[in-house]
Amino acid sequence: MELTRRELVAAFLGSAVASGCKREQPRAPIPGAIVDRAVEVGHRLRGGPLPRAQTLETVDVLVVGAGVAGLSAAWRLASAGVKDVRVVELEAEPGGTSRSGKNAVSAFPWGAHYLPAPTEDRGPVVRLLREMGAVSGVDAQGLPTFEEELLIQEPEERHFYRGHWYDGLYLRVGATAEDLAELERFDAKMNAFAAARDAKGRKAFAVPTARSSDDAEWTALDALSMAAWLTREGFRSTRLKWLVDYACRDDYGATSEHVSAWAGIWYFAARQDGQGERSEGFLSWPEGNGRLVHQLLSALPPRAVERDVLVHTVEPGEQGCRVDALDSRTGKPRSFQARQVVLACPRFLAAHLVAPWRTARPAFLDAFTYAPWVVANLTLSSLPESRGFPLAWDNVFQESNSLGYVVATHQRLRQDERGPTVLTWYLPMSGADVKAERTKALSASYADWEALVMADMRPAHPGILQQAQRLEVQRWGHAMVRPTPGFMWGPERRAAQESVGRHLHFAHTDLGGLALFEEANWFGVKAAERVLSELGQASASWL
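This is how it looks when you write it as structure tokens:
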């Protein structure tokens, strides 16, 4: 990029971070690399016709995509005793945006890094947690309790503002009485939304979203943006607006101006009980949700998942689906004939893969938009120095477009307070024009990303340049679906959930409208149960 360092920082992280950039002496870059294959593999789908194999590999069930949704589908099928299931994955490693990595210091996430502890003892997520030994028992109300070492230890979160670290996410230092009154009023409204039930007893805002009430009293909020809702309700505090914006960028990859008010309220209300209490906390592992991916994989036969398989065509027929693919390492064509197919990929990919959609593109596809993200893992020789509140699990930069970082070794710091450690840094590309944001993210070089990460880190951590050992960068061009106004309760999202005939079914977080583990797991299990029904093996639902 032909930009000065200050211009580069302003373009990605904002003017406040750029204004803090001091003229520095030339230095050796931190060793590292961009580790994704975002451009070289997936974009092959946009070229001309790809070859088809002459022979067909037959299989009862083919799952296309080994992200959380696809693996959840395979997990459900394996539990039901379906033997002939194959999962094919474009990447070299399964997991999608829940993938993880590991070095000599620690495992670390490449995307999703925690799971809110479920507040109900039902559904497939709790079942999975029980299988992995994460549920320790039930409390007096019959709700699940979780192994203490998996719950995020204090301090959980802090934020950096003008030279110092402060506890929590809300900037209380310097807050006026009006600021605090607005925060209290906002919390009261969120508690009321959390307590709200319809005539059928359904929560207005539930996890997963499929369990939420469809009463117009609440779904009408989907027509507004979260920013417009704040204005309508008389919220003017810039501190509160920052908190809401942070929440929207964190979970949805967009600012509150571009997030449905229903989705914005869901973030604050869905995991509360309506009495001012949130969920039991967050479950996390050094590798983040990669630990959940490993659990799903452990339920499958050893060779059930095939990597480096680029599926380019899914063609439904009367007896099943033909699926054409390439071995992305050798270029060799492969073709499958499957009785049932679960296409566990986002809509923007499905638009290229489903053969009949190429000539008759469904209108609902245009309703789906996706936020690009960049994740970087920075290995340090020792814990970073801080001024103010001590190092937490989640460390947020108040004046940056980034979300800050999480500490992969947080749970073990009680035993080792010195390090070394790995910091996982997150940047949602939250501008309104997702195509421009994607282009910007993919065109930046490793040198650009190294400069950006360190420009973000250095004001908060004196000496971090001397501690930095390696930096690795992962670009996610379409990391998460954006719940834009009108999307969550519009007809397009519901239409996208429908199977094509009796043989092709869909599973992905984007069908739920929110890019969360619970949504991927739900839709994976739902697709698998449709497959079981078509195979004549229907059983009691896990949903």
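Heads up, the sequence shown is in our numbering, so the first residue is 18 and it goes up one at a time.
Cβ atoms here follow ideal geometry from the backbone N, Cα and C, with glycine treated the same way.
Under the three-state DSSP convention, the category Val261 falls into: Mapped onto the sequence shown, residue 261 falls at position 244. Correct three-state label for Val261: helix.
Neighbourhood of Ala95 by C-beta distance below 6 angstroms, restricted to the same chain and skipping five residues each side: Along the sequence shown, one-based indexing puts residue 95 at 78. Excluding residues up to 5 positions away in sequence, Ala316 and Leu317 lie with their Cβ nearer than 6 angstroms to the Cβ of Ala95 in the same chain.
Inter-stretch contact at 8 angstroms, needing at least 3 Cβ pairs: the segment 533-544 / the segment 81-95: In short, these stretches touch, since the Cβ pair count reaches three.
Cβ neighbour criterion (16 or more within 10 Å) applied to Gln491: Here residue 491 refers to the residue found at position 474 when the sequence shown is read from its first residue. The residue is buried, with at least 16 neighbouring Cβ atoms inside 10 Å.
Whole-angstrom distance between Gln354 and Gly348, CA atom to CA atom: One-based indexing of the sequence shown puts residue 348 at position 331. One-based indexing of the sequence shown puts residue 354 at position 337. Looking at the two C-alpha atoms, the distance is approximately 20 angstroms.
Contact between the segment 417-427 and the segment 27-44 (3+ Cβ pairs under 8 angstroms): yes
Nonlocal neighbours in the same chain, by C-beta distance under 8 angstroms from Ala97, ignoring five residues either side: Here residue 97 is taken as the residue at index 80 of the sequence shown, counted from 1. Counting only Cβ-Cβ distances below 8 angstroms, and skipping sequence neighbours, we find Ala545, Leu549, Gln554 and Ser556.
Pairwise C-alpha distance: Asp411 and Trp182: As a working note, residue 182 is residue 165 in the sequence shown. As a working note, residue 411 is residue 394 in the sequence shown. Taken atom to atom, the span from the alpha-carbon of Trp182 to that of Asp411 is near 12 angstroms.
As assigned by DSSP and simplified to three states, the class of Lys543: Within the sequence shown, numbered from 1, the residue matching residue 543 stands at position 526. Three-state result, Lys543: helix.
First and last residue of the uninterrupted alpha helix (DSSP H) at Met243: For the purposes of this step, residue 243 is taken as the residue at position 226 of the sequence shown. Segment Met243 to Arg249, the alpha helix (DSSP H) holding Met243.
Arg364 - containing beta strand (DSSP E), residue span: For the purposes of this step, residue 364 is taken as the residue at position 347 of the sequence shown. Taken as a continuous stretch (DSSP letters only), Arg364 belongs to no beta strand (DSSP E), being part of the alpha helix (DSSP H) at Arg364 to Leu370.
DSSP three-state assignment for Trp559, whether helix, strand or coil: The residue given as residue 559 occupies position 542 in the sequence shown. Trp559: coil per DSSP, three-state reduction.
Inter-residue spacing [alpha-carbon to alpha-carbon] between Leu200 and Glu106: In the sequence shown, residue 200 corresponds to position 183, counting from 1. In the sequence shown, residue 106 corresponds to position 89, counting from 1. Near 45 angstroms, if we compare the C-alpha coordinates of Glu106 and Leu200.
Pairwise C-alpha distance: Gly159 and Ile51: Reading the sequence shown from its first residue, position 34 is the one you call residue 51. Reading the sequence shown from its first residue, position 142 is the one you call residue 159. Approximately 47 angstroms between the Cα atoms of the pair.
Euclidean distance between Cα positions of Ala472 and Arg103: Walking along the sequence shown from the start, residue 472 turns up at place 455. Walking along the sequence shown from the start, residue 103 turns up at place 86. Near 45 angstroms, if we compare the C-alpha coordinates of Arg103 and Ala472.
Rounded C-alpha distance that separates Gln357 from Arg69: Sequence index remark: in the sequence shown, residue 357 carries index 340 (1-based). Sequence index remark: in the sequence shown, residue 69 carries index 52 (1-based). When rounded, the distance between both Cα atoms is 20 angstroms.
Chain-order list of residues whose beta-carbon lies under 6 angstroms from that of Gly480 (same chain, five-residue window excluded): Here the question's residue 480 lines up with position 463 in the sequence shown. Shown here for Gly480: same chain residues with a beta carbon closer than 6 angstroms to its own, the five before and five after excluded, namely Glu402 in chain order.
Secondary structure, beta strand (DSSP E): runs of 3+ residues fully inside the segment 269-344: 326-333 and 338-344
Whether Asn208 touches Gln312 by CB criterion (8 angstroms): To locate residue 208, count along the sequence shown from 1; it is residue 191. To locate residue 312, count along the sequence shown from 1; it is residue 295. No, Cβ-Cβ distance for Asn208 and Gln312 is not below 8 angstroms.
Stretch-stretch touch, CB-based, cutoff 8 angstroms, three pairs: the segment 502-510 with the segment 391-407: These segments do not touch.
Option nearest Pro333 by Cα separation, candidates Ala244, Ser36, Leu360 and His130: Taking the sequence shown and counting its residues from 1, one reaches residue 333 at position 316. It is Leu360 whose Cα lies nearest to the Cα of Pro333.
Contact belief for Gln529 with Pro225 at Cβ below 8 angstroms, rounded distance in angstroms: Translated into the one-based positions of the sequence shown, residue 529 becomes position 512. Translated into the one-based positions of the sequence shown, residue 225 becomes position 208. In the sequence under discussion, the amino acid at residue 529 is Gly, which differs from the Gln named in the question. The distance from the Cβ of Gly529 to that of Pro225 is about 6 angstroms, consistent with a contact at the 8 angstroms cut-off.
Option in Ala213, Leu260, Gly251 and Arg23 with minimal Cα separation from Arg40: Numbered from its first residue, the sequence shown carries residue 40 at position 23. Comparing Cα positions, the closest option is Arg23.
Meets three-Cβ-pair contact criterion under 8 angstroms: the segment 124-136 and the segment 339-348: no
Residue of Val498, Arg179, Val423 and Arg219 minimising C-alpha distance to Asp232: Taking the sequence shown and counting its residues from 1, one reaches residue 232 at position 215. For Asp232, the nearest C-alpha among the options comes from Arg219.
Beta-bridge pairing of Leu521 - partner residues as DSSP gives them: The residue you call residue 521 lines up with position 504 of the sequence shown. Val358 and Val517.
Range of the contiguous beta strand (DSSP E) that encloses Met497: The count along the sequence shown starts at 1 and reaches residue 497 at position 480. First-last of the beta strand (DSSP E) with Met497: Ala485 to Val498.
Contacts around Leu440, its chain only, beta-carbon distance under 7 angstroms, and the 5 residues preceding and following it disregarded: Numbered from 1 along the sequence shown, position 423 holds the residue referred to as residue 440. Same-chain partners within the cutoff: Leu395, Leu397, Tyr422 and Val424.
Endpoints, beta strand (DSSP E) assigned at Asp53: As a first step, residue 53 is located in the sequence shown; it is residue number 36 there, counting from the start. Run containing Asp53: none; DSSP gives neither H nor E here.
8 angstroms CB neighbourhood of Trp493 in its chain, flanking five on each side removed: As a working note, residue 493 is residue 476 in the sequence shown. Closer than 8 angstroms at Cβ, skipping near neighbours: Asp53, Ala55, Thr114, Gly128, Pro389, Trp390, Val391 and Val392.
Given 8 angstroms, three or more beta-carbon pairs between the segment 321-328 and the segment 301-309: no
Coil, strand or helix - Met18 by DSSP: In the sequence shown, residue 18 corresponds to position 1, counting from 1. Per-residue confidence for Met18 stands at a pLDDT of 48, beneath the threshold of 50, marking its modelled position as unreliable; no derived number is given.
Where His427 sits in the DSSP three-state scheme: One-based indexing of the sequence shown puts residue 427 at position 410. Helix at His427.
Extent of the continuous alpha helix (DSSP H) run through Asn208: Along the sequence shown, one-based indexing puts residue 208 at 191. According to the DSSP assignment, Asn208 belongs to the alpha helix (DSSP H) that extends over Ala194 to Ala212.
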